[in-house]
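Contents: one structure, followed by commentary.
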Amino acid sequence: MEFGPHLMLATLEGAITAAILALTAVGLSLTFGVMRVVNVAHGEFFMLGAVAAWFISTAIGGHPALGFIAAVVFAPLIIGLLAASADWLVLKRLEYDPERTIVATIGLLYIIQQGALIGFGPNAQPVEAPFSHRIALPWFEWGESGFEMYYPWGLSTNSYKLFIIFAACAILMGLWVIMTRTKIGLVMRATQQDRDMATAFGIPVERVYALTFGLGAALAALGAVLIVPVQQAYYLMGHDPLLLSFIVVIIGGLGSLRGTVLAALLIGMSDGIISVFFSPTLAKIIATLLVAMVLVFRPQGLFGKGTH
Amino acid sequence: MSEISRIHLLHAAMVAALVICWFVLPVYHAGNLARIMVFAIYAMGYNLLFGYTGLLSLGHALFFGAGMYGLGLAMHLGGVSAGPGILAGLIAALVVSGIVGFLALRTTGVAFMIVTLMFAQAGYLAVLLFGTYTRGDEGFVLPQATRALLGVDLSDAQNRYFAALLLFSAVLFFIGWLVRTPFGRCLVAIRENEERARMLGYDITRHKLMAVIMSGTISGLSGAAYCLLFGSAQAAFVAVPYSIFPLLYVLLGGMGTTLGPFVGTLFMFYLIDWSGGNMMVAGFVLVALALFAPAGILGEVRRRLITWLP
Amino acid sequence: MLDIQGVSASYGKVQVLYDLNITAAAGEITCVLGRNGAGKSTLMRVIMGLLPTTSGAINLNDTCVSILPPHDTPKHRIALVPQGRRLFPELTVGENIEVGLMARSFKGKKRLEMREKVLELFPRLRERLKQQAGTLSGGEQQMLATARALAIDPAVLLLDEPGEGLQPSVVEQIQDVIRTMRAQGLAVVLVEQRVDAILSLADKAVFIENGRNLETLTQAELAADPGVIRRNLGV
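Chains as they are written, first to last, in this note's numbering: chain A, 86 to 393; chain B, 145 to 454; chain C, 815 to 1049.
Given below as structure tokens:
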């Protein structure tokens, strides 16, 4: 395949990576930005989403679309509730002390991961997509009779993959509406910006934290439900999303949801594109060092406002 | 008895106990102890930066790996013997920690965590990228014949144990001494209140950089020791979990205590061993520890019982 | 009436308030005065419930408010205009006021009423409803912080150095609002360091030093010997 079509394919793959990364990272941005806790187990909530999707669709059977819809509704709900209880029972009692929280969330990581290993097994399990149609993508070339459109061999994508991108955009927009136009969104933003004054004006901050923590986990789980038909469910799949989400949140700037989404776009797209053309390992090295350098010279991230 | 003497006596007693352990414990446990002591050196290195200076790094596996591959590659590819190999490992760790320190110390707090994590990740990926030399995830093995220092065969269980003990004791006494010097006390001051230390006229940047370099070099010593004593080098040792382990060992055992890292390493090792590799038990223990014993095992002991514990 | 009885408080192991006694009556401005570090702002935090008392009690009329969870404070109509304003910097002017309105769960007509009332007092804010609070000028921020507190329709209004760093015209405006609130029957507790503000506003002056009561003077006593302020503040 020539460069042009190849790039288009890479861009598409990058967009999918960016879409799911955005969901997962925004989930982390909420907890990290609002509560200032480093949740090492965030990747495990992602993994649980995929595992739950597998369980639900296996249990429901029939047409994969049924299982998919059930998974999209119930997996984030269940995992969100699980996370909220973990916050209420453990993290709250630690008073969100940074070091104790790291230890506790590492413990949580081991518990969840081992639980998945026991309950789900060590093998990767596929989940069927609710729908899947091959879509050939056109490419343009300057031919003898002017601008021509043709369909290069091998340049195709899948309707479900395109759906992922749209779904992620829709979810993020829905989240934006909630954060900026609803009461609960206002409460969360006020709590993030000044915890003490939020308390002084009647906001039960600890309850907001539990909600935020649950919401963050639910978003990660939702991202996993969307990607699992493409990727397969595996009990160790939380590792990479955790790392990438942290990078995205820090680069985007703590406390800036918009920054997180933009950073996810940047990092997801470049990771996807570079990986297609160059050795993935080299691409990752460059990306990793770039992240480090951005932080060294601009610690508040690309869009952050400095510490508060 | 003066405070210093009590501390030295405690450390000496610890070393003596470990000597006795070799002769008293069954082979399996004694063998474990050798491994534990090597990783305890890693944890002690980490403790210097985290427990005493208050800087939380998520990328110490890079330093461990620098020592490991510094020695490993020098011996495996360069054909040098153990002595120069150790030197190579130490120099590699020193250089790497110097570079990382110089760059990463421009950040603080969470950014520092991520920057160190990123450098370590880059290091891990580099090990994979240069797989032709490092054999990547699979790693390479140092032949038994080469693992001898000053005529002592280090692949022999007893020699290995006492070599590990020697290194462990050296590092333990070094740290015990260091934290009582003005330099060491300044590190603690930085941890407690950096601004105040700065206003008192201390050169914070230089102290922190020294702390990173010392911490990194000790961690590298552990990596080199592991490669020499146990004969293998693998990319996995530079991956993220190996950056998390020393943090865990130090928090568990008691941050800012000299013996805490050893206690934490010992505890974690046997926790995993007894639960048959079932990390869920370890997970619950960690949560319980965070909830009820936040200062770590020896930290709580120091808080409640033995206040002079170093 | 706000009644602070024998209240002590600590930050961890360090005690900062020792057995304080202060009463603030409705329809009066009670000034709390003291040097920097005397414990004035800590006292504000304790009244708001942001710092727990280690002994003593704070009563509002018949209710003991010091044992309540801190986020219930607005329900008992106690509002704070904190030192340094402490607005929600990325929320708009309108949203900051909204947080105040939400604190009492005002709905429908009552909510619109309170919102109008607050915007009437500070017409400048009405022009800037969609502007982010962090981008306002110092004076506008002080107005917004006051508006936010008044939005809960308080019975007790706490103000911590409201004139700090502001130009005289804005300070005048804030002082007028404070007097209006007194006239409306609120118990106003005002932490101040500026002598002229104290003399023009205080009905009662409570001096504290190192977290302890020093002396309490009425407005008449202050007027008779204004120098007492400087002496007690060590200025």
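C-beta: ideal position from N, C-alpha, C; glycine also.
(request) Find the residues of chain A that neighbour V259/B, judging by a C-beta separation of less than 7 Å, and give them in chain order. (result) Taking a Cβ-Cβ cut-off of 7 Å, the neighbours of V259/B in chain A comprise A377, L380 and V381, given in sequence order.
(request) Could you tell me how far apart the beta carbons of D974/C and V860/C are, in whole angstroms, since I believe they sit closer than 8 Å? (result) Beta-carbon to beta-carbon, D974/C and V860/C are separated by about 12 Å, too far to satisfy the 8 Å threshold.
(request) Examine chain B for any beta-carbon lying closer than 9 Å to the beta-carbon of D281/A, and answer yes or no. (result) no
(request) Using three-state DSSP, classify Y832/C as helix, strand or coil. (result) strand
(message) Less than 9 Å between the beta carbons of P454/B and V323/B, yes or no?
(response) yes
(request) At 8 Å on the CB atoms, spell out the chain A contacts of L905/C, in chain order. (result) L271, R274, A275 and Q278
(request) Could you say if the region 131-151 of chain A and the region 291-310 of chain A meet the contact criterion of at least three C-beta pairs nearer than 8 Å? (result) The answer is yes - the region 291-310 of chain A touches the region 131-151 of chain A, with three or more Cβ pairs under 8 Å.
(request) Could you tell me which chain A residues have their CB closer than 7 Å to the CB of R279/B, listed as they occur along the chain? (result) For R279/B, no chain A residue has a C-beta closer than 7 Å to its own C-beta; the minimum C-beta separation is roughly 15 Å.
(message) Can you check whether the C-beta of F286/A is within less than 9 Å of a C-beta belonging to chain C?
(response) yes
(request) Put G391/A into one of helix, strand or coil per three-state DSSP. (result) Summary for G391/A: the model assigns pLDDT 49, below 50, so the residue's position carries little reliability, and this model does not support an answer.
(request) Please confirm if V123/A has its CB atom under 9 Å from at least one CB of chain B. (result) Yes, its Cβ sits closer than 9 Å to a Cβ of chain B.
(message) Rounded to the nearest angstrom, what separates H351/B and L331/B at their Cα positions?
(response) The straight-line gap from Cα to Cα measures roughly 7 Å.
(request) Go through its chain and collect everything with a Cβ distance to I836/C's Cβ below 6 Å, but skip five positions before and after it. (result) I818 and V1020
(request) With 8 Å as the C-beta to C-beta threshold (strictly closer), list the residues of the region 248-270 of chain A near chain C in chain order. (result) K268
(message) Distance check for D1039/C and G391/A, CA to CA, integer angstroms please.
(response) Residue confidence for G391/A is low, a pLDDT of 49 falling below 50, so the modelled location carries little weight and cannot support an answer.
(message) Quick check on L193/B - is its C-beta less than 9 Å from some C-beta in chain A?
(response) no
(message) Strictly under 9 Å for the Cβ-Cβ distance: is F205/A near chain B by that measure?
(response) no
(message) I'd like to confirm the pairing. Which residues does DSSP put opposite Y825/C in its beta bridges?
(response) DSSP links Y825/C through a beta bridge to V828/C.
(request) Could you tell me whether the Cβ of Q265/B comes closer than 9 Å to any Cβ of chain A? (result) yes
(request) Could you name the residues of chain B that V333/A contacts, counting a contact when the two beta carbons are closer than 8 Å? (result) Chain B residues near V333/A: none, gap ~11 Å exceeds 8 Å.
(request) Starting from P183/A, find everything on chain C with Cβ-Cβ shorter than 9 Å and list it in chain order. (result) Here the premise fails: no neighbours, minimum Cβ distance about 17 Å.
(message) Closest to N1011/C by C-alpha separation, out of A1001/C, L857/C and V984/C, would be which residue?
(response) According to the sequence as given, residue 1011/C is Ala; it is not Asn. Selected option, being the one with the closest Cα: V984/C.
(message) Restricting to Cα atoms, I'd like to know which of V259/B, I185/B and L395/B is closest to L316/B.
(response) Looking at the Cα atoms, I185/B is the closest of the given residues.
(message) Give me the subset of the region 176-191 of chain B whose CB atoms are less than 9 Å from a CB atom of chain D, sorted by chain position.
(response) As a matter of chain content, chain D is missing from the structure shown, whose protein chains are A, B and C.
(message) Taking 9 Å as the threshold (C-beta atoms), are L261/B and V384/B in contact?
(response) yes
(message) Ignoring anything shorter than 4 residues, give me the alpha helix (DSSP H) runs that lie fully in the region 400-430 of chain B, in order along the chain.
(response) 404-418
(request) Kindly give me the distance between the Cβ atoms of I187/A and V123/A, rounded to whole angstroms, as I take these residues to be in contact under 8 Å. (result) 5 Å
(message) Tell me the residue span of the alpha helix (DSSP H) that contains L1031/C.
(response) DSSP places L1031/C outside any alpha helix (DSSP H); the residue lies instead in the beta strand (DSSP E), whose first and last residues are R1026 to T1032.
(request) State the DSSP-derived secondary structure class of S114/A, mapped to helix, strand or coil. (result) Reduced to three states, the DSSP call for S114/A is helix.
(request) Would you mind reading off the limits of the alpha helix (DSSP H) that contains T260/B? (result) G253 to L273
(request) Could you list which residues in chain A have their beta carbon closer than 7 Å to that of R250/B, in chain order? (result) V381
(message) Using 8 Å as the cut-off, can you tell me whether the region 91-105 of chain A makes contact with the region 232-247 of chain A, which would need three or more C-beta pairs spanning the two stretches below that distance?
(response) Look at the beta carbons and you see the region 91-105 of chain A touching the region 232-247 of chain A: at least three pairs across the two are nearer than 8 Å.
(message) Less than 9 Å between the beta carbons of V1042/C and A1001/C, yes or no?
(response) no
(message) Less than 9 Å between the C-beta atoms of A255/B and P384/A, yes or no?
(response) Note that the C-beta distance between A255/B and P384/A is below 9 Å.
(request) My understanding is that G408/B touches Y386/B, with C-beta atoms under 8 Å, so please give their C-beta distance in whole angstroms. (result) Rounded, the Cβ-Cβ distance is 15 Å, inconsistent with contact.
(request) Can you say whether E180/A is buried or exposed, counting buried as having 16 or more other CB atoms within 10 angstroms of its CB? (result) exposed
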